[in-house]
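Comments concern the structure below.
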Amino acid sequence: MKTLLLIGILALAPVVQAQSTWPLWSSYQDHFVQKDGRVVDYERDNLTTSEGQSYAMFFALVADDRAAFDRIYRWTTQNLGDGDLRSNLPAWSWGRKPDGTLGIKDANSASDADLWIAYSLLQAGRLWKQREYVTVGNDLLKQIANREVSHNFSASVLLPGHTGFEHEGSALVNTSYMPLFLFEAAANMQPAGPWKAMAASLPSLIQRSAIRGFASDWTRIDADGRISPASPLDSSSDEVTGSYDAIRVYLWAGITPASMPGRESILNSLYGMSSYMKTHSVPPEVILDKQPLIRGTGPISFSAALVPFLQSTNQPNAAAQQATRLHTAWSSRTNLYGNPPRYYDQNLAMFSLGFTEHRYRIQSNGEVEVPWRR
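Residue numbers (my numbering): 1 to 374.
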C-alpha cells in the first residue's frame, strides 16, 4: 500500500507543481532583465526596446515563469504603453534621453514587437488561464490591425510601425516582422481581421523580395504592385542587403510547423541560403543586391537562427555544424553565448535552442505548445 501511495504521489507531482526550469532563461534574466521587468541592451547605451520586452515575455512563458512574465508585462504596459496596452501601441524605444532623464525616446511603434506581445499575452492567457492577458492581447491585436496594417495595395500588408512607412503610394516593409505562425494565430483569434489574407500573401512577398534566394532586410511595395528588395528608409545605408533583420526570416520559417499552409513555399523561396550552407561552414553576414553577393562572416546568432531552418530543409549535417559553432561560444562564466554575451545573439539563441531542445513547438493553428502544459 505504501508503494502504491508513493507511486500515486509521484504521478501527481508534475501536475501539482506545474513548474519547469530553463537554465538559459535564468541566465538571460540575470544578465539582461532588471528586477522590475525591464530588458536592457547594454551595447546600445542601455536601451530598452519593445522587441526586447516582447521576446522576454515569450521566453518567460516557455519557461513557465509566471512571475517574470507578469513583471515584464507590467513594465511594458506602464513605460511603453502609457499604462494601457488595450488602447495604446507600445513605444518602440525607452532609455536615456538627451536631457539625461529616462523615458520614451521614440514613440513610434514596432509592429513585430506588438505582434509578439499580443501573441505572448494570448498564449499565456490560454495556458495559464488568465483572463486579463487574453483581453489585453485581443485588444492589442485589434490596434495592430487598425493602425499598423495598410490596405492600399493588392494585398493587405503589415507596416513596420504606425507612422512613417508609406510615401507617395509605396510602402517599405520588413518580412522579418512577419512570422507566418503569428498571422495564423491572430487569424485563429480574430477571423474577421486581415490576418488570414496576410498569411496567404506572405510566401509571395518573401519570394519576390528575395535577393537571389536570400531574404532581404527591407522590401518596397509600389503602387502598381511591384515588389523588390530595398535599402532602409532611415538612410542608414543606401545598400540593398539581407543581414541582421533578414536572418530572422530563416529562423521563423524553420520553427513554423510543416502542416502550416505556406511554410514550404517560404522555405523554397530561400534556396540561396539553403544552397550556400551545403558548401560553407559559416553563414554570411551580409547579402548584397550587387557583386560581390556575399560579404563578411555572420555572428553566432546567425548560426543559431539557421539551425531550425537547416533541419527543416533536410540538411542535418549543416544544422549540426551550426549548432556546434553556437555551443562552442558558450561561456561557463555567464552561462550565455559569446564573450561578452550580446543582446541580439542571446535572443536568437533562445528562440533556436528553445525549439531544438523541444521546450516549445508551434501548432498548425499558430498556438504554442509547451511540455509543462501537457
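Heads up, the beta-carbon is just placed ideally off N, CA and C, and yes, glycines get one too. Remember, predicted model here, so these are calculated numbers, not experimental data.
Exercise. Using a Cβ-Cβ cut-off of 8 Å (strictly less than) and excluding sequence neighbours within five positions of proline 316, which residues of its own chain qualify?
Worked result: Leu310
Exercise. So, is alanine 11 buried or exposed, given that buried needs 16 or more other C-beta atoms within 10 angstroms?
Worked result: Reliability fails at alanine 11, whose pLDDT of 34 lies under 50, so the model's placement of it is uncertain and the value that follows must be treated cautiously. The residue is exposed, with fewer than 16 neighbouring Cβ atoms inside 10 Å.
Problem set entry | Terminal residues of the alpha helix (DSSP H) in which lysine 308 lies | For the record, residue 308 in the displayed sequence is proline; it is not lysine. Taken as a continuous stretch (DSSP letters only), the alpha helix (DSSP H) holding proline 308 covers 300-312.
For this session: Go ahead and pull the three-state DSSP assignment for leucine 6.
Result: Residue confidence is low: leucine 6 scores 35 on pLDDT, short of 50, so the model does not pin down where it sits. Its coordinate-derived value is still stated next. Residue state, collapsed to three classes: helix.
Problem set entry | tyrosine 271 versus phenylalanine 214 - alpha carbon distance | 7 Å
Exercise. Taking the C-alpha atoms as reference points, what is the distance between arginine 373 and histidine 358?
Worked result: 13 Å
Problem set entry | According to DSSP, residues forming a beta bridge with valine 173 | Thr219
For this session: Can you give me the Cβ contacts of valine 282 inside the same chain, cut-off strictly under 6 Å, excluding the 5 residues immediately before and after it?
Result: Thr297
Exercise. Is there contact here, the segment 109-127 with the segment 85-92, by at least three beta-carbon pairs under 8 Å?
Worked result: yes
Problem set entry | Any beta strand (DSSP E) of 3 or more consecutive residues that is wholly inside the segment 264-351 | 284-288 and 294-297
Exercise. Going by beta carbon distance, what residues of the same chain come within less than 6 Å of aspartate 222, once the five residues before and after it are set aside?
Worked result: Ser170
Exercise. Is aspartate 41 helix, strand or coil by DSSP?
Worked result: strand
For this session: Compute the beta-carbon to beta-carbon distance between glutamine 322 and leucine 306, rounded to the nearest angstrom, for a pair I have assumed lies under 8 Å.
Result: 5 Å
For this session: Note down the Cα distance separating threonine 328 from asparagine 347, rounded to an integer number of angstroms.
Result: 17 Å
Problem set entry | Limits of the alpha helix (DSSP H) - the one that isoleucine 56 falls within | Going by the sequence as given, residue 56 is alanine instead of isoleucine. 50-62 is the span of the alpha helix (DSSP H), which, as asked, contains alanine 56.
Exercise. Where leucine 80 and threonine 279 are concerned, what is the direct C-alpha to C-alpha distance, given to the nearest angstrom?
Worked result: 45 Å
Exercise. In chain order, what residues of the same chain lie with their CB nearer than 8 Å to the CB of glutamine 130, ignoring the 5 residues before and after it?
Worked result: Ala124
For this session: For asparagine 174, count neighbouring Cβ atoms within 10 angstroms of its own Cβ and tell me buried if that reaches 16, exposed if not.
Result: buried
Problem set entry | Near the ligand ATP: arginine 96 beta-carbon under 7 Å from a heavy atom | Annotation note on the ligand ATP: not contained in the displayed structure, which lists no ligands.
Exercise. For histidine 151, does the three-state DSSP call read helix, strand or coil?
Worked result: coil
Exercise. Are the segment 258-271 and the segment 287-302 in contact at 8 Å, needing three or more beta carbon pairs?
Worked result: no
For this session: Whole angstroms is fine: what's the gap from alanine 60's alpha carbon to phenylalanine 183's?
Result: 21 Å
Exercise. Taking the alpha-carbon positions, what's the isoleucine 255 to serine 50 distance?
Worked result: 22 Å
Exercise. Which of the three DSSP states, helix, strand or coil, is assigned to phenylalanine 165?
Worked result: coil
Exercise. When the Cα atoms are used, what is the spatial distance from alanine 253 to serine 352?
Worked result: 12 Å
For this session: Determine the contact status of phenylalanine 181 and isoleucine 362, defining contact as a CB-CB distance below 8 Å.
Result: yes
Exercise. Do you know offhand how far alanine 318's Cα is from isoleucine 72's?
Worked result: 36 Å
Exercise. Once you ignore the five residues that flank lysine 142 on each side, which residues in its own chain have a CB closer than 8 Å to its CB?
Worked result: Gln190 and Gly193
Problem set entry | Three-state secondary structure (DSSP) of threonine 356 | helix
Exercise. Taking the alpha-carbon positions, what's the tyrosine 276 to aspartate 82 distance?
Worked result: 46 Å
Exercise. Would the beta-carbon of arginine 248 fall within 8 Å of that of isoleucine 227?
Worked result: no
Problem set entry | Whole-angstrom distance between glycine 161 and leucine 172, CA atom to CA atom | 10 Å
For this session: Kindly give me the distance between the Cβ atoms of leucine 122 and isoleucine 144, rounded to whole angstroms, as I take these residues to be in contact under 8 Å.
Result: 12 Å between Cβ atoms; not a contact.
Exercise. Where are the alpha helix (DSSP H) runs, 4 residues long or more, that stay fully inside the segment 208-263, in chain order?
Worked result: 247-255
Exercise. Should leucine 251 go down as buried or exposed, given a rule of 16 or more other Cβ atoms within 10 Å for buried?
Worked result: buried
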